[in-house]
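Taking it in order: structure first as structure tokens, then the write-up.
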Amino acid sequence: SCAACAWLIEHRLNQLEHVISVNLNLTTHRLMVRWSDDKVKLSQIFEEIHQLGYQAHPFSATEAEQQRIQESKTAFRRLAVAGFATMQVMMLAVPLYVGELQGILEQYQIFLRAASMLFATAVVLYSARPFFSAALRDLRSRHLTMDVPVSIAILLAYFSSVWSTVNQGPEIYFDSVCMFTFFLLTGRFFEMRARHRMTQAGNNLLDLMPSAAIKVSSSGNTVIASNDIQVGDLLLIKPGQQIPADGIVESGTSAVDEAALTGEYLPIDKSQGDALIGGTHNVESQLVMRVTATGAEAQLNTIMRLMDRAQQEKPAIAIFADKVASRFVAAVLIIASSIAIAWTFIDPSQAFWITLAVLVVTCPCALSLATPTALTAATASLREQGFLISKGHVLEGLNQVDRIVFDKTGTLTRGELSLEQVLPASAGLALNPTQALQIAATLEQYSNHPIARAFNSAVLFETDNIEQVTGKGIKGQIITTEGQEDCTYRIGRADFAFPQQALTPPVIDDRQWLLLADDKQPLYWFALSDTLRQGAGTTIAQLKNWGIKVAILTGDPSAQVEAVATALDITEVHKGLSPEQKLELASGWQQQGERLMMVGDGINDVPTLARADIAVAIGQASDLTKTNADAVITNNSLTTLLHAISKGKKSTQIIRQNIYWALLYNLLALPLAATGFIPPWAAAIGMSVSSLIVVGNALRLLSSDKQLSDRQFGLHLTE
């Protein structure tokens, strides 16, 4: 868990030929290695790690969780032994200290020293073993870390005390050995628990997958293990069950809770043909689904890979902290050596203990934990709120954005047409609006055009002789259930629905109008429009309030662009743009020194997303768009962007606080230890407390901002 250990592994593997990159995450204990598979074997990489004294294995979430549990149990047992021994030895030390002042019988002194040695031996052989193992590993690799001086101090203090006990020497340090080990283990134990908590905050997605599923086949339903699910399988999902794989609804309707993945707190209605995400929760009714992706191809595992990539990639402030930590270790060793030489001339009896205190009190553990703990906590917290970070520079960059440009369709708007108004096209109609809507929905069910989805909530009739005319509309015979005469209807453009007469919509605006007609007369007009995305107004207003410039870049040349801009109070609008023109504008802003964020969802946004300093995709974006994005808004709410920017500012502040605290602590503690005012056991406490402060400060980033409402942003807008 120290920077020197991480540096050693990274440095050793980077020396291998054909290894492209190596990155060790101190918080998650995961090593990311990229290498040329045809030149270097994985076994060679494992062997290099083994020679350093570390054990490595391919990542498995299940095995990792088991290892964390075992690690916690073992660490607690070592801590318990050290704690119990410390209490006993301290009790035994009291009469020894008093006896030095008032006198003590020799047989009592021998007994108390022997009892203390017994407890200290248990601590050295069991509790302190991790320090010795790490020190031996470091010596074999010819690279010193803080475990080496710690181990030397424990062993020297122990064996010198054993010699004094056997030979009736003047002083013993069994109490210092036990206390020193106990405080070191206490700090490492709580650091480990905090690290496990933050790792689990990111990995708890894997717990969403059920262990078994119900497979539907011609021979009946059978229960199978989730690992045995294959693409194409039919699965039965009962109410209350987790969905075990990605797929589409084959039959049934229900509501699915996707909050764990997208942050969307309301269940999403699902019916035939709708997509299902593995790990989500079926709320209402029974569904039959067909599996489309499992294992590594499933969205849940994709999210995990993106999170891992975000934590592995280091922002500039993290790279700075690593450089400071590595140089600080070297500086501490040089200073400690100088102090040891100086005290050898001043007071040789104090040289060892003062040098030990210097080495312990200045251990850069807090500095090495300053950035990875904060980055892991912030990434996990934002993922829970619906903002999935896939690149390491995003958190720092969120705090530096000067301009945010939005695509219109599918970003500021939902990208889905909805039915807004139904108006009669003729007087004295026998058909009422509800019946007209049912007829329109019956015809549109045969169309794959996005317009058809605006009618999918109506009750359908039987049909015959359906014909779709590309770019114009659809016609067909409707078989009603009300005893009416079957009739042929048309819906679409006015010149297609009723070509006998030149007709114009009753209202000229930015909405799209469709006409429903039969063979005799025009019947009803349907007004369709793309509605604003949830939180768009709140988001734009707050961004402007923060001083961030906002603009629209869209390929849509219609008047609806101005309507959206007016509704959201966006004054800078660029419409009817090709991908090349979008890219040119983005490059121009960057050349003026602006840090640019692009928020989009379409394939035509990919070049601009790739150019932007931070690229954000909406959750419903195309796969190509999300692949080129640095972050994804999984809950499709733009207010999530506000939470992300706020969290980015907070995470940057906490990282700086951690680094400043770690450096300040070391600068203050070093002269005190060097002048003999801090004994080794107190140095161990100080080092542990310093690390715990850093970890505790980072844990504040795990707190959720979901309660952050529009009112708390100082805004209340209706859309």
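Residue 357 in the UniProt record's numbering sits at position 357 of the sequence shown, with consecutive numbering throughout. A virtual CB, placed ideally from N, CA and C, is assigned to each residue, including glycine.
> First and last residue of the alpha helix (DSSP H) that includes H50?
Replying inline: L42 to Q51
> In angstroms, rounded to a whole number, what distance separates the CA positions of G483 and T463?
Replying inline: Bear in mind that the predicted position of G483 carries a pLDDT of just 49, short of 50, making it unreliable; the figure below should be weighed with that in mind. Going by the C-alpha atoms only, they are around 15 Å apart.
>> Can you tell me where the beta strand (DSSP E) holding E594 begins and where it ends?
In response: Counting along the chain, E594 falls outside any beta strand (DSSP E), and DSSP gives it neither H nor E.
> In or out: L375 buried (at least 16 other Cβ within 10 Å) or exposed?
Replying inline: Burial is judged here by how many other beta carbons sit within 10 angstroms of a residue's own beta carbon; L375 has at least 16 and is buried.
>> Taking the straight line between their C-alpha atoms, what separation do you get for F189 and L79?
In response: 8 Å
>> Taking the alpha carbon of S116 as the reference point, which residue from D556, S381 and D175 has its own alpha carbon closest?
In response: D175
> Is the beta carbon of I614 sitting closer than 8 Å to the one on L398?
Replying inline: In this structure, I614 sits near L398, with a CB-CB distance shorter than 8 Å.
> Taking all protein chains shown into account, do 16 or more other C-beta atoms lie within 10 angstroms of the C-beta of G247, making it buried, or fewer, making it exposed?
Replying inline: buried
>> Quick check: the Cα distance between I570 and R511, rounded to an integer number of angstroms?
In response: 20 Å
>> I'd like the span of the beta strand (DSSP E) that includes S226, first residue to last.
In response: Taken as a continuous stretch (DSSP letters only), S226 belongs to no beta strand (DSSP E), as it is neither H nor E.
> For V507, which three-state DSSP category applies?
Replying inline: coil
> P505 to Q438, Cα distance in whole Å?
Replying inline: 21 Å
>> So, with DSSP's three-state summary, where would you put R113?
In response: helix
>> Tell me which residue opens and which closes the beta strand (DSSP E) that H643 is part of.
In response: Not the beta strand (DSSP E): H643 falls in the alpha helix (DSSP H), residues T639 to A674.
>> Beta-carbon within less than 7 Å of P267's beta-carbon, same chain only, minus the 5 sequence neighbours each way: which residues are those?
In response: A255, V256, D257 and V283
> So, helix, strand or coil for A212, using DSSP?
Replying inline: strand
>> In this structure, how does DSSP classify G600 when only helix, strand and coil are distinguished?
In response: strand
> Nearest-angstrom Cα distance between S1 and L31?
Replying inline: Unreliable placement is indicated for S1, whose pLDDT of 49 sits below 50; no coordinate value is reported for it.
> Whole-angstrom Cβ separation of G410 and I618, contact assumed at under 8 Å?
Replying inline: That belief holds up - the Cβ atoms of G410 and I618 are roughly 6 Å apart, short of 8 Å.
> Span of the beta strand (DSSP E) holding P522?
Replying inline: P522 to L532
>> According to DSSP, simplified to helix, strand and coil, what is E17?
In response: Coil at E17, not helix or strand.
> Considering only residues of the same chain and omitting the five flanking positions on each side of F111, which have a CB-CB separation below 8 Å?
Replying inline: Counting only Cβ-Cβ distances below 8 Å, and skipping sequence neighbours, we find nothing.
> Counting Cβ pairs, one atom from each stretch, are 3 or more of them under 8 Å apart for the stretch 672-679 and the stretch 343-359?
Replying inline: yes
>> Classify D233: buried if its beta carbon has 16 or more other beta carbons within 10 angstroms, exposed otherwise.
In response: buried
> Cα separation between residue 796 and L52?
Replying inline: Look at the range of the chain in this structure, 1 to 719, and you will see that residue 796 is not part of it.
> Using a Cβ-Cβ cut-off of 7 Å (strictly less than) and excluding sequence neighbours within five positions of M90, which residues of its own chain qualify?
Replying inline: Excluding its 5 nearest sequence neighbours in each direction, M90 has C-beta neighbours in its own chain below 7 Å: D175, listed in chain order.
> Taking all protein chains shown into account, do 16 or more other C-beta atoms lie within 10 angstroms of the C-beta of S651, making it buried, or fewer, making it exposed?
Replying inline: buried
>> DSSP three-state label for L388, please.
In response: In the structure shown, L388 sits in a strand (DSSP, three-state: E or B).
> What residues are listed by DSSP as bridge partners for S418?
Replying inline: S529
> Do R12 and S21 have their C-beta atoms within less than 8 Å of each other?
Replying inline: no
> Where does V401 sit, in a helix, a strand or coil, going by DSSP?
Replying inline: It is coil, neither helix nor strand.
>> Taking the alpha carbon of G252 as the reference point, which residue from T280, V288 and V231 has its own alpha carbon closest?
In response: V288
>> Using 8 Å as the cut-off, can you tell me whether the stretch 416-432 makes contact with the stretch 526-536, which would need three or more C-beta pairs spanning the two stretches below that distance?
In response: yes
> Which residues does DSSP pair with K549 in a beta bridge?
Replying inline: R403
>> Helix, strand or coil for S337? Go by DSSP, reduced to three states.
In response: helix
>> With DSSP as the reference, identify every bridge partner of G247, one or two as the case may be.
In response: L276 and V291
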